[in-house]
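J.: One structure coming up, written as structure tokens, with questions to follow.
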Amino acid sequence: MDFLPSLSLAAADAVIARTQAARRRGDLVVVSIHWGSNWGYGVHGDQVRFARRLIDGGVDAIHGHSSHHPRPAEVYRGKLVLYGCGDCIDDYEGISGSRIDYQPDGMLIRHPATGRPALRDR
């Protein structure tokens, strides 16, 4: 566990260096990051850039957490990026204004790289 002072590319490179130093043959590297706000559905561009830099540097998956509800996910270069996993049980009331579009199977329709809105007005 460590503290990241920013989501800069230099900070991503430092994480990559640490994961590469610890990686053993056959390992899958998952980086778990407590980032972003607790409320809201959007994913900031700095999170997307940071996650993609980690994947480009050899990380196998990103587990983003902090939000109290699911945020978009994407597959980047064949690797899973979960931008916000949310709580297992979401009992938070009062988040208003928009909601995430879901497919019938519960998977998110949109992700931050599409450029299309991930939210739909109520």
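Numbers 243 to 364, taken from my numbering, label the letters of the sequence shown in order. Glycine included, every Cβ here is placed at the ideal spot set by N, Cα and C.
For Leu249, which residues from the same chain have a beta carbon less than 6 Å from its beta carbon, with the 5 sequence-adjacent residues on both sides left out?
T.: Asp288 and Phe292
J.: Does DSSP classify Leu251 as helix, strand or coil?
T.: helix
J.: State yes or no: is the C-beta of Arg295 within less than 8 Å of the C-beta of Leu322?
T.: Here Arg295 is not near Leu322, since their CB atoms are 8 Å or more apart.
J.: From this set, Gly320, Ile258 and Arg319, which residue's C-alpha is nearest His274's C-alpha?
T.: For the record, residue 274 in the displayed sequence is Ser; it is not His. Nearest of Gly320, Ile258 and Arg319 to Ser274, Cα basis: Ile258.
J.: May I have the straight-line CA-CA distance separating His310 from Arg266, to the nearest angstrom?
T.: 34 Å
J.: Quick one: what's got a C-beta closer than 6 Å to Gly320's C-beta in the same chain, skipping five residues either side?
T.: none
J.: Once the 5 residues before and after Pro247 are set aside, which same chain residues still bring their CB inside 6 Å of it?
T.: none
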